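Q: The structure's right below; bear with me while I get my questions together.
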Amino acid sequence: MKKLLFICFAVMAYSFTVKASSKSNSNSTFYCPSPVINSFSPSQGPVNTQVTLVGSNFENTASVNIDGVSTSFTIVSNNELLVTIPQGAESSAITVLTTGACSGTSANSFTVLEDSCSIGEVYISEVYDSETGSYGAVELYNPTNTVINLNGVYELQRFGDIGDATPSAIIPLTGTIAPQSTYMIVMGSTGNTCSGFPIGDAVAAGINDNDEIKLVKNSTVIDVVEAIDERGYTIIRNANATAPLDTYNVSDWSISTFEDCSNLNTHTDTANNTIPEITDPISQTICENGMITFSTSLNNSIFQYQWKVLDTSGNWVDVPNTSPYSNPQNNWLDITNVPLSFNGNQYYCEVTYNSCTLITNAAQITIDTPEVDTLPDVDVCTEYTLPTLTNGNYYTATNGTGTMLNAGDNITTNQTIYIY
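Numbering-wise, the sequence shown is residues 0 to 419 according to numbering that gives the first Met the number 0.
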């Protein structure tokens with residue numbers, strides 16, 4: 000909303016003369032003022048973070064790069080540049096190049112926040128129980144591309160009944176598991192036994208109905224499987240199941256009430272040897288006091304979410320679960336009644352599970368301030384004809400209220416007219 004004001008102004012002009020001279024057979028030296036980067040903020044952030052560079056000689060900037068990757072930039076002034084961290088950049092110093100082929104590089108590196116994800120973890124892939132006797136077998140699988148050492152790190156715990164507080168048997172695991180290979184633990188020795196595979200560990204205690212089996216790493220339970228309430232079964236983890244899981248999910252397993260040795264010592268995994276795919280939030284432009292939702296998604300539902308916001312000190316902090324924010328620990332973040340002070344705010348989402356941390360790209364809020372024409376106050380003798388507007392409309396009251404007037408209307412009384 001703009002109020003019409005009396006404005007008086009004068010236009011002044013001046014001229015100047017440029018004199019040029021030339022000399023033959025002379026040598027000349029070209030001096031190029033190199034850009035100087037005194038500081039930048041923030042010092043770290045994910046891809047698409049907007050970084051403010053403060054320094055000098057920025058007015059002739061031709062390109063900016065980080066880790067040799069060119070990026071978009073905005074010249075705010077000769078002393079300030081706004082730079083966007085590009086896809087594919089690694090942590091590195093920031094370099095500014097000018098149209099005169101001069102360059103300046105920051106003394107410090109910008110740290111690009113990236114995914115930190117240990118791809119895959121050992122898990123229980125199959126359980127076999129003989130209907131008669133004490134024999135049973137537990138198969139572990141290594142979905143990673145590296146050898147995993149079990150010694151002093153992993154153990155298997157067998158509970159006599161699901162929910163028991165204390166295990167009836169603890170089996171410290173020894174040896175190694177080759178990449179994308181299985182490891183067999185044999186329990187008991189009588190009944191319908193299986194053969195034809197190497198045995199990693201063997202114990203006298205068997206398994207049977209209603210058992211609960213846990214895989215423990217460094218004293219922390221990382222995987223759980225529950226036996227059915229009858230003897231003689233084969234339980235195989237589905238190829239597309241997320242594993243390991245510290246709570247039992249029956250839908251992740253194929254369960255047969257007939258024991259079958261044929262699948263032991265082999266396993267197919269299609270879900271646990273790649274980093275989960277994540278979608279990035281999108282920068283948005285809204286009006287003041289509007290509502291905005293940033294979102295991300297995964298091809299996996301077991302991760303935890305925490306949205307981050309860049310504070311005025313250049314630090315990424317947790318978004319609080321207070322107005323105007325809601326759902327800062329979900330895969331979407333709602334912001335209502337967005338104040339004008341949020342213009343330029345930056346956000347990203349940190350997604351975690353066990354040893355895996357995924358980082359989305361950053362997204363920004365731009366608050367659009369509608370433009371309206373500005374007209375001076377006028378004094379007239381009889382009437383005044385409203386001129387055509389490029390932006391906005393005429394009203395007789397504030398904030399678009401009162402009677403709307405139109406270009407070409409004649410004003411014959413003293414009044415204040417508003418453009419909104």
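Even for Gly, the Cβ is constructed at its ideal location relative to N, Cα and C. No experiment lies behind these values; they were computed from the predicted model shown.
Taking a contact to mean a Cβ-Cβ separation below 7 Å, would you say LEU339 touches GLU287 in this structure?
A: Yes. Within cutoff.
Q: Using the Cβ count rule (16 or more neighbours within 10 Å means buried), how would you classify ASN320?
A: By the neighbour-count rule (16 or more Cβ atoms within 10 Å), ASN320 is not buried but exposed.
Q: Leaving out five residues on either side along the sequence, give the residues of the same chain with a beta carbon under 7 Å from the beta carbon of TYR134.
A: Hits under 7 Å: GLY187, SER188, THR189, GLY190, ASN191, THR192, GLY205.
Q: Relative to the C-alpha of ASP208, which residue among ALA406, ASN329, SER129 is closest?
A: The residue with the shortest Cα to Cα distance from ASP208 is SER129.
Q: Smallest Cα separation from ASP268: which of SER62, GLU225, ASN144?
A: Checked all of SER62, GLU225, ASN144; the closest Cα to ASP268 is ASN144.
Q: If you scan the segment 67-112 from start to end, which runs of the beta strand (DSSP E) of 3 or more residues do you find wholly inside it?
A: Runs of the beta strand (DSSP E) inside the segment 67-112: 68-70, 72-76, 79-83, 91-97, 102-111.
Q: Quick check: the segment 58-66 against the segment 92-101, are there 3 or more CB pairs under 8 Å?
A: With a cut-off of 8 Å, the segment 92-101 and the segment 58-66 count as touching, because enough Cβ pairs lie within range.
Q: Judging by CA-CA distance, which residue of THR60, GLY87, SER69, SER71 is the nearest neighbour of ASN77?
A: Minimum Cα distance to ASN77 is reached at THR60.
Q: How many Å lie between SER105 and PRO34 at the Cα?
A: C-alpha separation (whole angstroms): 10 Å.
Q: Counting only the same chain and skipping the five closest in sequence on each side, list residues whose C-beta sits under 6 Å from that of ALA168.
A: If we look at ALA168 and ignore the five residues flanking it on each side, its Cβ neighbours are ARG157, ALA204.
Q: Under 8 Å: do the segment 227-243 and the segment 314-328 share three or more Cβ pairs, one atom per stretch?
A: Output reads no: the segment 314-328 does not touch the segment 227-243.
Q: Rounded to a whole number of angstroms, what is the C-alpha to C-alpha distance between GLN179 and GLU120?
A: Each residue's Cα considered, the two are about 10 Å apart.
Q: Over what stretch of residues does the beta strand (DSSP E) that includes ASN64 continue unbroken?
A: Run containing ASN64: 60-65, per the beta strand (DSSP E) assignment.
Q: If you follow the beta strand (DSSP E) that LEU182 is in, where does it begin and where does it stop?
A: Residue identity check: residue 182 is Tyr in the sequence provided, not Leu. First-last of the beta strand (DSSP E) with TYR182: 180-186.
Q: Check whether the Cβ atoms of ASP279 and ASN360 sit closer than 7 Å, and answer yes or no.
A: Yes, Cβ-Cβ distance for ASP279 and ASN360 is below 7 Å.
Q: GLN303: buried (16+ other C-beta within 10 angstroms of its C-beta) or exposed?
A: Under this definition GLN303 is an exposed residue.
Q: Comparing alpha-carbon positions, which option in TYR346, PHE39, SER253 lies nearest GLN305?
A: Answer by Cα proximity: TYR346.
Q: Let me know the secondary structure DSSP gives VAL249 once reduced to three states.
A: It is helical.
Q: What residue does the beta strand (DSSP E) around PHE158 start on, and which one ends it?
A: Run containing PHE158: 153-158, per the beta strand (DSSP E) assignment.
Q: Does the beta-carbon of ALA177 have 16 or more other beta-carbons within 10 angstroms, so that it is buried, or is it exposed?
A: ALA177 should be labelled exposed.
Q: Quick one: give me the first and last residue of the beta strand (DSSP E) that ALA420 is part of.
A: Given a span of 0 to 419 for the chain in the structure shown, any question on residue 420 remains unanswerable.
Q: Helix, strand or coil for CYS380, going by three-state DSSP, please let me know.
A: Looking at CYS380 - three-state DSSP - the assignment turns out to be coil, as it is neither helix nor strand.
Q: Can you have a look at ALA136 and say buried or exposed, based on whether 16 or more other CB atoms are within 10 angstroms of its CB?
A: ALA136 should be labelled buried.
Q: For GLY174, does the three-state DSSP call read helix, strand or coil?
A: The answer is coil: DSSP assigns GLY174 none of H, G, I, E or B.
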